[in-house]
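Chemist: Before I ask anything, here is the structure I am working with.
Protein chains: 2
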Amino acid sequence: MKSALGFLVAAKRCEIHGLEQLEVTCGLVKGVSELVHMLQKERGASNVFLASRGSRFADKRSEQVAATEAVEIQVRDLFDRLATDSARMAGGMRLFSRIAYVLHALNALPALREQIEGLHLGPEQATHSFSELIAGLLAVVFEAADTAVDPAISRALVSLFNFMQGKELAGQERAVGAAALAAGRFEAGEQQRMLHLIEAQERCFQLFIEFADPTLRTIWRNAQVAPEIAELERMRRIATTTPAGRPVDDTSQRWFDCATARIDVMRQVEDCATNALLQLCENTLAAARTELAEHAALLDTLEAAGGPDVLPPAALSALVERAGVTAPAGAPAAPEALHAADGLGPQLGRSVFELMQDQAQRLQTMSDELNTVRAALNERKVVERAKGLLMASRGLSEEEAYKLLRQTAMNQNRRLVEVAEATLALADVLRSE
Amino acid sequence: MKSALGFLVAAKRCEIHGLEQLEVTCGLVKGVSELVHMLQKERGASNVFLASRGSRFADKRSEQVAATEAVEIQVRDLFDRLATDSARMAGGMRLFSRIAYVLHALNALPALREQIEGLHLGPEQATHSFSELIAGLLAVVFEAADTAVDPAISRALVSLFNFMQGKELAGQERAVGAAALAAGRFEAGEQQRMLHLIEAQERCFQLFIEFADPTLRTIWRNAQVAPEIAELERMRRIATTTPAGRPVDDTSQRWFDCATARIDVMRQVEDCATNALLQLCENTLAAARTELAEHAALLDTLEAAGGPDVLPPAALSALVERAGVTAPAGAPAAPEALHAADGLGPQLGRSVFELMQDQAQRLQTMSDELNTVRAALNERKVVERAKGLLMASRGLSEEEAYKLLRQTAMNQNRRLVEVAEATLALADVLRSE
């Protein structure tokens, strides 16, 4: 029969198992971030290739295709290993479903490339297909963040997800800006899209900063001093403030170079972030394993001392109070006297009791922190779904839907997520209109 | 290399594994509900035994001790099996920690019984110890509800948890009322406690009804017609409206009998609820296994037809749109034409696509439903913690803390949970006062 301390040890083993799965998932996230970067580069090269009717970037594009394919093989391998090693992982249901979608989309890539090769697609169509595949890969990262069981790792994943999302929006901004500058003017729709992409990036990087650890924040802030970023800001201003349709100089090459320099900086920060994430997993696991060893050693000592469950009955009250659902938040520690009479001597008796108290406190803290992080993810889900609902029911574009939500929030002096929730609550009304 | 459909199958396997663990947990919950019932009866008998200085219920009490011990052995066995079969279960960290507390408290029971036997304790002290052990057991049920991965089972667990909590409060009400009636008067504090226990029961049964399935609701409503329940209501009215301290007739025996009849009715409903819960687990698992078999059969067919990932590239766009984080809520189904050109013929190609769509839709629905159920659990956690904070920082009793929160909510026309959240946000201020 397992003792109380035996169950504390079992709880620790569960925690370690969850962390091991999380480490595998984070390794996958690193691979996914590399594949996304490759696809973003291939999208950019394909864009130039198609826009120039095949006269530019033919070699660059086929080199990039080979590079993407190499990373794709690695990521497929990571997917397979996840399915083998973590076949029973918590949250696997959602994560594996996302992966199924991604695989389906990856399988369609060769045909997409053939169409690009043969110039059978416009740049917008090609961009759209790549962007949707990338969105599917980002959804895998989102799911990984949503199922993380450790608050610090969950924070790091939320931070990384927002960073990757921001980087993807930066890539889309580069494409829209380059096309408009090459055409010599920004139409009203393109300007609106630029404004939306810029603002959406701001939000993503804001959330990245909010959840990132201080080192990463500093790396990110320091990276903002690159001269290309200042130059990009000037071109952004021209792009968004010149009256719609009025001719602008064709600075598309310079725009592309500056935007690319900015994205390359992002890639470096992303690399730091994924490495820090894996390091965090490793450290958290090592700490948990050390604690497990300590628990197990204590269990051995207690068993040698005549059985591990020999705390005096007076401890009952204080113990159950901590465990109970109505336990007060600041329950006082058990008095020293509690352990004076037990067979173990005060030292060991106190140790078991303290272990339980520490554990209860730690679980409470972890649960609070996870709730905070998940709230951020949940707000994102709610806003995205409200946008989707408005797009489907009112025929709005994504930008228009977002603008409507934000404007309503400002008018009513409410938070964006509150307006989104209210919108979803009206789903039936909106759908039946 | 696993195909997209292969990952859908893996997702289904994960789901089934989660359901299998949930089935074991629900079996444990059933055992816990039996043990709680035994402890409630032992608490009642011990109370009478102690209040009569050993002259009443001596035999009844020792019979009940034996009955409790028999169930305790079963529950300890269920704990052990859980630790063996589900050593790596999701949420095991929290559940096992709760079990550790319960075991510690159970180990102290023999000493508690010795003190009762020797009349070394007052009835209040004995009641308090039993109540805290029961609170620890209820915390196990709460944790089981909080970690459930299936919305329907999660609803059933939330419903059952609230029912068990309500039944426990009914047991406490029986004890308070019996003691006061035997003493011939209700002091102001006892009246306040009675009012609190009655109101808290109402809330619990309200939540039970909200989350219970219709059959259980009907069973519960029909059970309310017992004549003892009407009689109890009359005695409740006398208990709570007679001016504090004024003599009342000693109807303690009748009160005890009526309250016991009501609790026995509850036990029958609880029995129905736990059986329905296990049945629900079984049905959900059977349905998931059937679906898995269908997926697996489709996978075999596709592999025989030349590989499972042969959907036409045109499906890419629609597929990734469904998977993407920015997917609109009401994305339209893929047109029939999508599958006309693939090697499988329209039927099989359509099947895989539909599987993915169904899965995405189902995950979304499950996630929404789970969020709704967990919100109810979370509100409970927040209110309990705010109460605990007020108790610790202001030296209030549980009733006073609850009353303060409720009064504030009414004055400010806000929801109870909002006031509780605001209270927790002020935690540092309250603690430093």
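Protein chains in written order, with our numbering: chain V, -11 to 421; chain D, -11 to 421.
All C-beta atoms in this analysis are idealised placements derived from N, C-alpha and C, irrespective of residue type, glycine included.
Return the chain-ordered ranges of every beta strand (DSSP E) run that is complete within the stretch 204 to 266 of chain D and spans a minimum of 3 residues.
Modeler: none
Chemist: If we count the other Cβ atoms within 10 Å of its Cβ and call it buried at 16 or more, is E102/D buried or exposed?
Modeler: Locating residue 102/D in the second sequence gives position 114, where the first residue counts as 1. Exposed, since its Cβ has fewer than 16 Cβ neighbours within 10 Å.
Chemist: Assuming L100/V contacts S119/V (C-beta within less than 8 Å), just tell me the rounded distance between them.
Modeler: As a working note, residue 100/V is residue 112 in the first sequence. As a working note, residue 119/V is residue 131 in the first sequence. Not quite, the Cβ-Cβ distance comes to about 12 Å (not below 8 Å), so this is no contact.
Chemist: Compare the C-beta of T314/D with all C-beta atoms of chain V and state if any pair is closer than 8 Å.
Modeler: For this step, residue 314/D is matched to residue 326 along the second sequence. For T314/D, the predicted structure reports a pLDDT of 35, less than 50, and the residue's modelled location is therefore unreliable. A value from the coordinates is still provided. Yes, its Cβ sits closer than 8 Å to a Cβ of chain V.
Chemist: Figure out for me which residue from V361/D, E105/D, I207/D has the closest Cα to the Cα of S40/D.
Modeler: The residue given as residue 40/D occupies position 52 in the second sequence. Checked all of V361/D, E105/D, I207/D; the closest Cα to S40/D is E105/D.
Chemist: So G19/D and Q52/D are supposed to be a Cβ contact under 8 Å. How far apart are they, rounded?
Modeler: Position 31 of the second sequence, counted from the first residue, corresponds to residue 19/D. Position 64 of the second sequence, counted from the first residue, corresponds to residue 52/D. Not quite, the Cβ-Cβ distance comes to about 18 Å (not below 8 Å), so this is no contact.
Chemist: Would you call P215/D buried or exposed, if buried means 16 or more other Cβ atoms sit within 10 Å of its Cβ?
Modeler: One-based indexing of the second sequence puts residue 215/D at position 227. Classification for P215/D: exposed.
Chemist: Taking just the CA atoms, how far does D134/V sit from E342/V?
Modeler: Start at 1 with the first residue of the first sequence, and residue 342/V comes out as number 354. Start at 1 with the first residue of the first sequence, and residue 134/V comes out as number 146. Distance between the alpha carbons of E342/V and D134/V is about 32 Å.
Chemist: Taking three-plus beta-carbon pairs below 8 Å as touching, is the stretch 14 to 34 of chain D in contact with the stretch 122 to 130 of chain D?
Modeler: yes
Chemist: Using the beta-carbon of each residue, which ones in chain V are nearer than 7 Å to A133/D?
Modeler: Position 145 of the second sequence, counting from 1, holds the residue named residue 133/D. Near A133/D there are no residues of chain V at all, since even the closest Cβ is about 11 Å away, more than 7 Å.
Chemist: Enumerated in chain order, which unbroken segments of the alpha helix (DSSP H) with a length of 4 residues or greater are wholly contained in the stretch 80 to 143 of chain D?
Modeler: 80 to 95, 97 to 105, 111 to 135
Chemist: Three-state secondary structure (DSSP) at R173/V?
Modeler: Residue 173/V sits at position 185 when you count from the first residue of the first sequence. Strand, per DSSP.
Chemist: Hey, out of A364/D, F45/D, V36/D, R222/D, whose CA is closest to F130/D's CA?
Modeler: Within the second sequence, residue 130/D is the residue found at index 142, counting from 1. It is A364/D.
Chemist: Is there a C-beta anywhere in chain V that falls below 8 Å from the one on M81/D?
Modeler: The sequence position of residue 81/D within the second sequence is 93, counting from 1. At least one chain V Cβ lies under 8 Å of M81/D.
Chemist: Between the stretch 384 to 394 of chain D and the stretch 173 to 187 of chain D, are three or more C-beta pairs nearer than 8 Å?
Modeler: As far as the Cβ criterion goes, the stretch 384 to 394 of chain D touches the stretch 173 to 187 of chain D, which means the pair count is three or higher.
Chemist: Kindly say whether S385/D, judged by its beta-carbon, lies nearer than 8 Å to any beta-carbon of chain V.
Modeler: The residue labelled residue 385/D in the question sits at position 397 within the second sequence. For S385/D, the answer is no, since every Cβ of chain V falls outside 8 Å of its Cβ.
Chemist: Alpha carbons only, please: which of Q212/D, E221/D, T272/D is nearest the one belonging to Q256/D?
Modeler: The residue labelled residue 256/D in the question sits at position 268 within the second sequence. Looking at the Cα atoms, Q212/D is the closest of the given residues.
Chemist: Select from F84/V, T411/V, R362/V, V361/V the residue whose C-alpha is nearest the C-alpha of S381/V.
Modeler: For the purposes of this step, residue 381/V is taken as the residue at position 393 of the first sequence. Cα-wise, what sits closest to S381/V is T411/V.
Chemist: Is there a C-beta anywhere in chain V that falls below 8 Å from the one on G6/D?
Modeler: Walking along the second sequence from the start, residue 6/D turns up at place 18. By this cut-off, G6/D is an interface position.
Chemist: Does any C-beta atom of chain B lie closer than 8 Å to the C-beta of C260/V?
Modeler: In the structure shown, chain B does not exist; the protein chains are V and D.
Chemist: With a cut-off of 8 Å on the beta carbons, I'd call L280/V and R1/V a contact; round off their distance for me.
Modeler: Position 292 of the first sequence holds residue 280/V. Position 13 of the first sequence holds residue 1/V. In this structure, L280/V and R1/V form a Cβ contact; the two beta carbons are roughly 7 Å apart against a cut-off of 8 Å.
Chemist: For F428/V, which residues from the same chain have a beta carbon less than 6 Å from its beta carbon, with the 5 sequence-adjacent residues on both sides left out?
Modeler: Nothing can be reported for residue 428/V: it is not among the residues displayed for chain V, which extend from -11 to 421.
Chemist: What's the C-alpha gap between L195/V and T13/D?
Modeler: Translated into the one-based positions of the first sequence, residue 195/V becomes position 207. Translated into the one-based positions of the second sequence, residue 13/D becomes position 25. Distance between the alpha carbons of L195/V and T13/D: 37 Å.
Chemist: Could you name the residues of chain V that F(-5)/D contacts, counting a contact when the two beta carbons are closer than 8 Å?
Modeler: On the second sequence, residue -5/D is found 7 positions in, with the first residue counted as 1. Near F(-5)/D (Cβ distances below 8 Å), the residues of chain V are F67, A71, F84, S85, I87, A88, L91.
Chemist: Looking at the structure shown, is A200/D part of a helix, part of a strand, or coil, going by DSSP?
Modeler: Here the question's residue 200/D lines up with position 212 in the second sequence. Note: A200/D maps to coil in three-state DSSP.
Chemist: Is it buried or exposed for Q160/D, if we count other Cβ within 10 angstroms and need 16 for buried?
Modeler: As a first step, residue 160/D is located in the second sequence; it is residue number 172 there, counting from the start. Per the 10 Å Cβ criterion, buried.
Chemist: Kindly list the residues whose CB is nearer than 6 Å to the CB of F45/V, restricted to its own chain and excluding five residues on each side of it in sequence; keep chain order.
Modeler: Taking the first sequence and counting its residues from 1, one reaches residue 45/V at position 57. Spatial neighbours of F45/V in its own chain (CB-CB distance under 6 Å, excluding positions within 5 residues in sequence) are listed in chain order as A33, V36, F37.
Chemist: Spatial neighbours of T115/D within its chain, please: CB distance less than 7 Å, with the 5 preceding and 5 following residues excluded, ordered by chain position.
Modeler: Position 127 of the second sequence, counting from 1, holds the residue named residue 115/D. A distance below 7 Å between beta-carbons, with the five flanking residues on each side excluded, links T115/D to the following residues of its chain, in chain order: R31, N35, A163.
Chemist: Does the beta carbon of C2/D sit closer than 8 Å to a beta carbon anywhere in chain V?
Modeler: The residue labelled residue 2/D in the question sits at position 14 within the second sequence. Under the Cβ distance rule, C2/D counts among the residues neighbouring chain V, one pair being separated by less than 8 Å.
Chemist: Got a sec, what are the start and stop residues for the alpha helix (DSSP H) R31/V sits in?
Modeler: Here residue 31/V corresponds to residue number 43 of the first sequence, with the count starting at 1. Unbroken alpha helix (DSSP H) run through R31/V: -8 to 39.
Chemist: Please state if the CB of D138/D and the CB of L351/D are separated by a distance shorter than 8 Å.
Modeler: Start at 1 with the first residue of the second sequence, and residue 351/D comes out as number 363. Start at 1 with the first residue of the second sequence, and residue 138/D comes out as number 150. Not a contact, by the Cβ cut-off of 8 Å.
Chemist: Extract the residue ranges of the beta strand (DSSP E) inside the stretch 352 to 417 of chain V, only unbroken runs of 3 or more that lie entirely within it.
Modeler: none
Chemist: List the whole-angstrom C-beta distance separating A408/D from A374/D, where the pair is believed to meet the contact cut-off of C-beta under 8 Å.
Modeler: On the second sequence, residue 408/D is found 420 positions in, with the first residue counted as 1. On the second sequence, residue 374/D is found 386 positions in, with the first residue counted as 1. The Cβ separation is near 4 Å, so the contact holds.
Chemist: Under 7 Å: does the beta carbon of Y89/V sit that close to some heavy atom of the ligand PLP?
Modeler: Of ligands this structure carries none, so the ligand PLP is not represented either.
Chemist: Check whether chain D comes within 8 Å of M344/V, counting only Cβ atoms and requiring the distance to be less than that.
Modeler: For the purposes of this step, residue 344/V is taken as residue 356 along the first sequence, with counting starting at 1. By this cut-off, M344/V is an interface position.
Chemist: When the distance is taken between beta carbons, is A93/D closer than 8 Å to L10/D?
Modeler: As a working mapping, residue 10/D is identified with position 22 in the second sequence. As a working mapping, residue 93/D is identified with position 105 in the second sequence. No, the pair does not count as a contact, with Cβ atoms beyond the cut-off.
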